[in-house]
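In what follows, a structure is listed as structure tokens, so that the remarks can point back to it.
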Amino acid sequence: MKKNNRLYYWLFLAPALISFLIVVVIPFAMGIYYSLTDWTAVAGLKSNWVGFANYKAMFSDFAFKYSFMRTFLFTAISVITINGMALLFAFLVTREIKFKNFFRAGFFIPNLIGGIVLGYIWQFIFKSVVPAAGAYLGIPALEELLILADPTLTLFGLIMAFTWQYAGYIMMIYVAALLNVPQELLEAADIDGANFFHKFKSITLPMIAQAFTITSFLTLVNAFKQYDIIIALSKGGPSDMYKGEIVNSSEMLAVHIYNVAFKYNNMAEGQARAIIFFLVLSVVSIGQVYYNKKREVEM
Amino acid sequence: MKRILSLMLVLMLVFGALSFTGCSSTTEEPAKTEEPAKTEEPAEEPAKDQEVVIYQNKVEIHEQLTEFAAKYTEETGVKVTVKTSGGDSPYAENLKAEFQSDRQPDIFVIEGMGGYNTWKSKLAPFEGQEWMGLTDLAFNVEGNTFGFPVAVEAWGMAYNADMLEKAGVDPASLTSQEAYKAAFEKIDSMKEELGIDSVVAMAAGPDMRWVTGLHNFNGYLSAGLPYGDTTVLDKLNNGEADVDRLTEYADWVELLFNYADKAVLLTGNYDSQVGQFGVQKAAFVHQGNWIDPWLMSNGVDFNMGFAPHASVYGEHNAIFIGAPSYYVLNNESENKDAVNDFLNFMATNELGHNYMVNEAKMVPAFKNVTLMPDAPLSSNVAEWLKVDNGAYTWLQNDMPDGFGMGTIAPLYEAFAKGDIDKAEFINQLQKKIEEIE
Amino acid sequence: MGNKKKVVSIVLTILTLILFLLTMFPFFIVVINSAKASLEIIMDPLKRPDDWGQLWTNIKIIWTKPTVKYASSVLSSTIITLGSLLTISVFSAMAAWVLVRNKTKTSTVIFMLFISGLIIPFQVVMFPLVSFFRVIHEVTGIHMLRTYHGMIIAYIGFGAPLAVFMFHGFIKSIPKELEEAATIDGCSKPQIFFKIVMPILKPIFVTVIILNAIWIWNDFLLPSLVLGVGQDIQTIPIAIQNFAGSFVKKWDLIMTAVLMAAAPVIVLFIFLQKHIIKGMVSGSIK
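Residue numbers (the working numbering), protein chains in the order written: chain G, 1 to 299; chain L, 1001 to 1437; chain R, 2001 to 2286.
Structure representation (structure tokens):
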């Protein structure tokens, strides 16, 4: 009987665990090793140990530092815009309004569209629709606006497309949190004559703090890893001059890692950058959750 | 290691069957339907007979090539599979992924020395094939033939002949930067009369890095030099820049940018650039004869031709002519004979000629082809081929991998936007060249 | 008071409506431009199409395009998505169940291993993964790249951490008594799991399946590495990218392709809306 139990234990674990080992754990370990070699990934070629050379090369590469900076910027602004929009949506669809279920579903729909497809839609909007709208409205500035030629506008264009996609999803989490706010508490506050902002601050806000821990984690991680939208919308462009160096203004880290490995033909260096990417993402995301958990308790 | 791995996998696969036998209830039904999906895949695997897999990069000829391959299979019984990736999913990157996989193509595509250097460990030379005697454009290294030329392509300054006539500009006079300058000024002053937005349809944005970083930059490498002269290229590959030549070249770039439409220049894609020329909103377009199918499918019917690029100072009477890409043979292919048969068939059989000329609208690189292209720019290329010393060499694919589109193309964009001035543009180009090895 | 409330409600409804219309605007652009011809779209992307019949023409073009292989791509995407959803959810539930019910050190270690998978970004394993899949082929002769089972195993590997985490949390809250009673009745472990535990887990199944479905159906980078680009098996995002990304950008056809990629999912969502939203809301609080 005991033996039987052990057998079932491993049998039940095996499919998920083995897949996980094959797909994540083993490649992860291989990746750490490869980042210390001159690995090329081409079948049949031996790789040689190079120590930390790939890491050294990375820190002296201006493009990498620049990419890091842009990724942080993109992530920081995205977290704000997505959570802001999501909260607004969530408030609206939990109020006493008509067709709220219909609206809620509508706000969620962009989330069904993948980054690649969505990127092409927005590329078309920025390139063709915006100038055409300028012509209709008779605003020459809008007609001649080349969003994807301007580094700052492109950054905001990417954030806009990402927000469009993701706010509806984050809204769902806030909706769940808001529906948990006890109605009696709000009514009691009404009787006490508390105004809207007061109620919001002292009752609703603490209730959504828990949700915020999740939503900020999700938005942060997903913004930091963004690849699909950039590839289809801006392809890393437009170029920009930064401190006397030519850079690709929307080449965020995920795109950068891929480009180093494939475009510049340097798999090992790409892998080393991926390791750093992982370390930074872990520190930032875990730190963020830790900080928010602490705040949650204090509130 | 071997044993553990196999054990793990076997365990994994056996599990599907094993785990559900213990319990028989309705929950098991959906689980079973998943099994066929797992096992169905090897259906394509048993390729006992010879099968040729081509992994190629021209999305625009995928349909035609697939049809030709089907006809070939009808004729010979040998299966040829065409796989294509191109465009935004750059072929070179996908090819690298392809070679990391466990199934490699028999034929793939390189574009020149850059590709050769990346892939030389994977290439087998062609030996004693019929097609080799029929072309001057095969890709050779140290006496060995490695590449089958896919086509002949050319670019110059493509012009709208009807419009130039209306403006009183003789395309034959466009042989130097001064002549271009005068012509551009004249046409620019007649914009309203001619109904154009700008003189030149030029693109330098993120979608069009091949136009600037490869084609335009090739002017620096080969314009004004005898065909086959690689002195400037060799210096570049050694990290040496010819600053005087760069300065002359930058004047040409500036001239083109000054007379281009800003929207097309900065964010345009292929469609908007060629479209601007096609709908007669520009008198010139910086593209090659590969735009023929686009023009024809959109009903463009004005007369056109190529004028030389005045990339550097002096007189020019040549356009850039070469083979854009080559089919190469994977040295690990188990179907080398079948590959040779297929390529010979394409170069020598009428079906092959018909495919290249009439279906794919290409200018074939083979002398035995008698069919003449009917497309406007391609037929102009055929005329340029007859001009003495009418060709400048294609060297843009012989630079280090990623240099043209990755390293220097963003500089053109920055220059076009005005982020950097001409002096800085020259300076940066020089710096990037000197950073090579 | 009542009047004021009414006014507020109307104002908020209007505000919501405006935001809703803005959200829908990109879809509107896609739909009207799918029904235009090439030059028509260059001339004016905002006007109504001259002839809605063009939509049908464009759909036929995309349907037969050999680079898009629409029907085959939809089929591949469906096989991969369904296969992965089924295996991720069932396998993860099985794993989570034994991990909860066997409180040993091994279980804790394995659970922690799964959890650590939650913070590993795809980028850090993607290059070695392809190499390792190739090694598996060299060693065992089993093709992992360019195959359905390879793709599905990859999704199990990446999907398991979150799914195991969610099932783990839920199973902890299920009382053991039911299962113990079944053991006394002579039910075997698999019977207990499939007949008793699985039905209780239904809400979490719904959540896990929805979350993974949206991810897998739309995923691009992972399938582009495992399946390759321009190969026999290609998912919808790969097909769209390979087509739309070519140098020749035909926006009319790209918009049609986008419409054809998005429409099935949106229609499915509209039909299953209630369940999906309920599943998401209940799952997200966890």
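All C-beta atoms in this analysis are idealised placements derived from N, C-alpha and C, irrespective of residue type, glycine included.
My output table needs one value for residue i: the three-state DSSP class, helix, strand or coil.
i                             : result
tyrosine 242 of chain G       : strand
leucine 2259 of chain R       : helix
tryptophan 2097 of chain R    : helix
leucine 1123 of chain L       : strand
lysine 1048 of chain L        : Low local confidence applies: a pLDDT of 47 at lysine 1048 of chain L is under 50, so the model's placement there is unreliable, and no value is given.
glutamate 1437 of chain L     : coil
lysine 2103 of chain R        : coil
glutamate 1272 of chain L     : Glutamate is not the amino acid found at residue 1272 of chain L; the sequence shown has serine there. Serine 1272 of chain L falls in the helix class under three-state DSSP.
phenylalanine 1415 of chain L : helix
cysteine 1023 of chain L      : Confidence in cysteine 1023 of chain L is poor, its pLDDT being 39 and thus under 50, which makes the residue's placement too unreliable to answer from.
leucine 1009 of chain L       : Residue placement at leucine 1009 of chain L is flagged as unreliable, the pLDDT there being 44, under the threshold of 50; a coordinate-derived value is accordingly withheld.
valine 221 of chain G         : helix
glutamate 1153 of chain L     : strand
lysine 1079 of chain L        : strand
threonine 1267 of chain L     : helix
glutamate 1040 of chain L     : For glutamate 1040 of chain L, the predicted structure reports a pLDDT of 37, less than 50, and the residue's modelled location is therefore unreliable. A value from the coordinates is still provided. Residue state, collapsed to three classes: helix.
tryptophan 2251 of chain R    : helix
isoleucine 2092 of chain R    : One detail in the question is off: residue 2092 of chain R reads as serine in this sequence, not isoleucine. Helix.
aspartate 1229 of chain L     : coil
glutamine 1177 of chain L     : helix
glutamate 1193 of chain L     : helix
alanine 141 of chain G        : helix
histidine 2143 of chain R     : coil
Name, please, each residue of chain G whose Cβ falls closer than 8 Å to the Cβ of residue i.
i                         : result
aspartate 1401 of chain L : Tyr264 and Asn265
alanine 1263 of chain L   : Pro131, Glu144 and Leu146
lysine 1096 of chain L    : Ala41, Val42, Phe262 and Asn265
leucine 1411 of chain L   : Ser239 and Ile246
Using only CA atoms, which one of the options lies nearest to residue i?
i                            : options                                       : result
glutamine 288 of chain G     : G/Thr215, G/Thr154 and G/Phe28                : G/Thr215
tyrosine 1159 of chain L     : L/Val1150, L/Val1152 and L/Asp1170            : L/Asp1170
alanine 1489 of chain L      : L/Ala1338, L/Ala1375, L/Leu1225 and L/Leu1256 : No answer is possible for residue 1489 of chain L: the residues shown for chain L start at 1001 and end at 1437.
isoleucine 2032 of chain R   : R/Thr2016, R/His2275 and R/Thr2256            : R/Thr2256
lysine 1386 of chain L       : L/Glu1334, L/Ile1321 and L/Gly1402            : L/Ile1321
valine 2098 of chain R       : G/Leu13, G/Ile77 and G/Thr213                 : G/Leu13
alanine 1223 of chain L      : L/Gln1276, L/Trp1394, L/Gln1428 and L/Val1053 : L/Trp1394
proline 1206 of chain L      : G/Ala133, G/Gln226, G/Lys243 and G/Glu251     : G/Glu251
phenylalanine 278 of chain G : G/Ile257, G/Tyr291 and G/Tyr290               : G/Ile257
Based on the DSSP secondary-structure assignment, which residues constitute the bridge partners of residue i?
i                             : result
phenylalanine 1148 of chain L : L/Tyr1327
serine 1056 of chain L        : The residue asked about is misnamed: residue 1056 of chain L is glutamine in this sequence, not serine. In the DSSP output, where bridge partners are listed per residue, glutamine 1056 of chain L has L/Thr1084.
tyrosine 1159 of chain L      : L/Phe1284 and L/Gly1305
phenylalanine 1108 of chain L : L/Tyr1055 and L/Val1328
threonine 1066 of chain L     : In DSSP, threonine 1066 of chain L forms no bridge with anything.
threonine 2081 of chain R     : None, per the DSSP bridge assignment.
asparagine 248 of chain G     : G/Ser239
phenylalanine 1139 of chain L : L/Gly1147
alanine 232 of chain G        : None, per the DSSP bridge assignment.
serine 1198 of chain L        : L/Ala1282
proline 37 of chain G         : It is threonine, not proline, that sits at residue 37 of chain G in the sequence shown. BP columns for threonine 37 of chain G point to G/Trp49.
Given that residue i touches chain L, what residues does it touch there, using C-beta distances under 7 Å?
i                         : result
methionine 241 of chain G : Ala1414, Asp1419 and Ile1420
alanine 149 of chain G    : Gly1205, Leu1266, Thr1267 and Lys1417
Starting from the beta carbon of residue i, find every residue of chain G whose beta carbon is closer than 7 Å, and list them in chain order.
i                       : result
serine 2038 of chain R  : Correct list: empty, because the minimum Cβ distance to chain G is about 13 Å.
glycine 2157 of chain R : Ser19, Phe20, Ile22, Val23 and Val24
Please list the partners that residue i has in chain R, where partner means a Cβ-to-Cβ separation under 7 Å.
i                            : result
phenylalanine 278 of chain G : Ile2120, Pro2121 and Val2124
alanine 261 of chain G       : Phe2127
At 8 Å on the CB atoms, spell out the chain R contacts of residue i, in chain order.
i                         : result
glutamine 1100 of chain L : Val2130, Ser2131 and Arg2134
List the residues of chain L whose Cβ lies closer than 8 Å to the Cβ of residue i, in chain order.
i                      : result
lysine 2250 of chain R : Asp1271
*Let me know the beta strand (DSSP E) ranges lying completely inside the segment 58–131 of chain G, each 3 residues or longer, listed in chain order.*
You should have found no qualifying run.
*Counting only runs that start and end within the segment 1314–1391 of chain L, where is the beta strand (DSSP E) found for 3 or more residues in a row?*
Qualifying beta strand (DSSP E) stretches, in chain order: 1319–1322 and 1326–1330.
*Return the chain-ordered ranges of every beta strand (DSSP E) run that is complete within the segment 184–212 of chain G and spans a minimum of 3 residues.*
List check, beta strand (DSSP E) in window: nothing returned.
*May I have a chain-ordered list of the alpha helix (DSSP H) segments no shorter than 4 residues that lie completely inside the segment 2159–2236 of chain R?*
Correct list: 2177–2184, 2202–2218 and 2221–2226.
*Uninterrupted beta strand (DSSP E) stretches inside the segment 1235–1265 of chain L (no shorter than 3 residues)*: For the segment 1235–1265 of chain L, not a single whole beta strand (DSSP E) run of length 3 or above is found.
*With a floor of 3 residues, list each beta strand (DSSP E) that falls wholly inside the segment 2027–2078 of chain R, ordered by position along the chain.*
Listed in chain order, the beta strand (DSSP E) runs fully inside the segment 2027–2078 of chain R amount to none, counting runs of at least 3 residues.
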